[in-house]
Every structure is written in C-alpha cells, then in structure tokens.
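J.: Numbering (this note's numbering), first residue to last: 44 to 333.
Beta carbons are placed, not taken as given, at the ideal position from N, Cα and C, and that holds for glycine.
I am attaching a structure below and will ask some questions about it afterwards.
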Amino acid sequence: MSESKTKVAIVGGGPAGIAASQQCTREGIDDVLLLERKNIGGLIYQANRIENFPGFVGKEGREMVNELGTIVSEYDIDVEFREVEKIESARDGFKLITETGKVRTTYLILATGTAPRSLGFEGEVHHPEWRNYDGESVIVIGGGDAAYDYALRMKRLGGDVTILRRSEPKALPVLVREAREKGIEEVEASLEEVEKDDDFSLRCDGMDLRADVVVTAIGRDPRFPDLDFDMDPEEVSFPSGQTKFDDLFVIGSSVLGTYRQTSLCWGMGIAAGMDLGRKISSCEKSKNME
44 MSESKTKVAI VGGGPAGIAA SQQCTREGID DVLLLERKNI GGLIYQANRI
94 ENFPGFVGKE GREMVNELGT IVSEYDIDVE FREVEKIESA RDGFKLITET
144 GKVRTTYLIL ATGTAPRSLG FEGEVHHPEW RNYDGESVIV IGGGDAAYDY
194 ALRMKRLGGD VTILRRSEPK ALPVLVREAR EKGIEEVEAS LEEVEKDDDF
244 SLRCDGMDLR ADVVVTAIGR DPRFPDLDFD MDPEEVSFPS GQTKFDDLFV
294 IGSSVLGTYR QTSLCWGMGI AAGMDLGRKI SSCEKSKNME
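Set out below in structure tokens:
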C-alpha cells in the first residue's frame, strides 16, 4: 500500500469541505489534500431546490454541485477519490488509512457529513435518482424536510407521489404547503412491514399501500471514520469547529445537529480555513524566531 504526506488533509467534499479547501488555499497553505469517498458536492446534490444560499436561490442542488466543481478547478485543489476508513493519532498529526494506502497529515479537517438511517428492507433507497418518473408510483417514508423535498422533486419529474409519515409533518411549513399545492398525497400511519416483489407492498396500520419506488427519509446521523482517539462532536468550538486537539477541526452537518443548512456548513468551512491559516502562520513565525 502506498503512503503519502500532506500538511492539511480535509476529509469530505461537500460544501463544508470545499469551503475549507478553498479558504486554506487563500490563506497560502501550499500543501492541502481533499479526500472524498464518492463525488464532489455531498448531499446537496439531492436538493430539489435551494432557498437559502445567495446566488443559488431557486436552483437545483446539482447546479450548485457544478459550481463547487468549478471552485475545485479554479483553486487547483488536490482531490483524491477514496474513502478514509480509519484515522489514527500520530506524534506529528494523524495517519489516515484508506482502501488504497495511507496519508500522513499534520493538520486534519473532518467534513464527513451524515449517513441516512435505514429501515433495512430489500430495495431500500435513501437518495432518489435524478430521472423521469412518469407512470411510476412513489412512496416517500418520513415527515421531515428531506422527505418533503424528495417528494417534490419526484413529483416534478413525473411521479405519482405519496408521503407516508407516522405523525404530524416536521418539515418546514413552506415545503408542506407546496407539497399539498402540488397534489402530493399524505398518509399518516405507522409502517409495519415492507415486502418487495415486482413492486413494493407496505403494510401500515391495517392497510396496504403499493409503489414502484420507495424512498426512506427518516433522519440522518453523523458519519465519521473509525477513530482511535476520543472526539466528542458536541464539544467543538463554533464557528471553526476547533476540537480539544490543536490540529483537528470538525465541521459541517456532522456537528450542526438540527442546523444542517448549506450556508452554515459553508461558513464553518471558511472559519476552519481561516483559523488553521492563522495557526500555521503563527507556528512558522515561532520557528523562524528560534
């Protein structure tokens, strides 16, 4: 397995990670590596419509992903597409273990986002495809922002969409109102069982629902690689995500709790890059004075 070394490693290529990478570059840090397990953009790619980020209001999430890719290119950010499976503390920083090798880094920014909660049935989908759903029946399980956003997107793309939720909607009122205006059906019932054959059969409070596509959007949890040191996401400092370790920052939706908004993730990334730039500059000045 190969082994490389960098001054700053940023794990996660969503808005927080891209913002941190950009700001580190602007701070003059000349050795920055961004590691992303799948695609640039993270979960924002799934957004039906962005409403609270200047310059992107009313646009699809995948349009913002294209712009994030442009930032990566314009700032010549070094990106490697591989998943960081484990992180070990080292005398001079951290060792990142991936499926293809190891990366040693002096400073580390974790922007690893969140993972979807699962019901565990066959054929379960957490992130619906961007495609035509004409003639297909769709059930979205969940009552939060993501569930309603997915439902609106698949309705716009031709699907006959139903939202299945076990209680009153927890989504923003604007999303609930739009879903109802678009004719999206809402069913309030507890899911008991899901069976898959040619399509899906959902047993809910004594009634049966059928669908061609079922999407689960029942919440998300922080996603982190396996860490060999103790790190409590609830103890990070805001806005930069500084942890109790001088060389570790944790930013983005993994630490924002119910404040998982793209604009806040972006701001944390900028703040982390600024604080890290100042920290590195101060260390280098101290060394030069010795």
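Specify, as a first and last residue, the run of the beta strand (DSSP E) that A214 falls within.
T.: Where A214 is concerned, there is no enclosing beta strand (DSSP E), given that its DSSP letter is neither H nor E.
J.: Pull up the distance between the alpha-carbon of G166 and that of A189, whole angstroms please.
T.: 19 Å
J.: Any idea if V217 is buried or exposed, counting beta-carbon neighbours within 10 angstroms, 16 or more meaning buried?
T.: exposed
J.: Can we say the segment 89-97 touches the segment 286-305, given the rule of at least three CB pairs closer than 8 Å?
T.: yes
J.: Which class does G144 belong to by DSSP, given the choice of helix, strand or coil?
T.: Residue state, collapsed to three classes: strand.
J.: From the DSSP secondary-structure annotation, give me the bridge partner or partners of E231.
T.: Answer by DSSP bridge pairing, in chain order: R208.
J.: Taking the beta strand (DSSP E) that E103 falls in, what are its first and last residues?
T.: No beta strand (DSSP E) holds E103; DSSP gives it neither H nor E.
J.: Measuring alpha carbon to alpha carbon, tell me which residue in S325, S161, F99 and K50 is nearest D121.
T.: Residue K50 is the option with its Cα nearest to D121.
J.: With three or more beta-carbon pairs closer than 8 Å as the criterion, would you say the segment 256-273 touches the segment 176-193?
T.: yes
J.: If you follow the beta strand (DSSP E) that T49 is in, where does it begin and where does it stop?
T.: S45 to V54
J.: I'd like the span of the beta strand (DSSP E) that includes V298, first residue to last.
T.: Not the beta strand (DSSP E): V298 falls in the alpha helix (DSSP H), residues S296 to L299.
J.: Return the first residue and the last residue of the beta strand (DSSP E) that L252 is part of.
T.: M250 to A254
J.: Sort out for me which residues DSSP pairs C67 with in a bridge.
T.: Beta-bridge pairing links C67 to no other residue.
J.: Which residues does DSSP list as the beta-bridge partners of P159?
T.: R263
J.: What's the C-alpha gap between E235 and E278?
T.: In a straight line, the C-alpha of E235 is about 38 Å away from that of E278.
J.: Would you be able to state if there are at least three C-beta pairs under 8 Å between the segment 82-93 and the segment 111-119?
T.: yes
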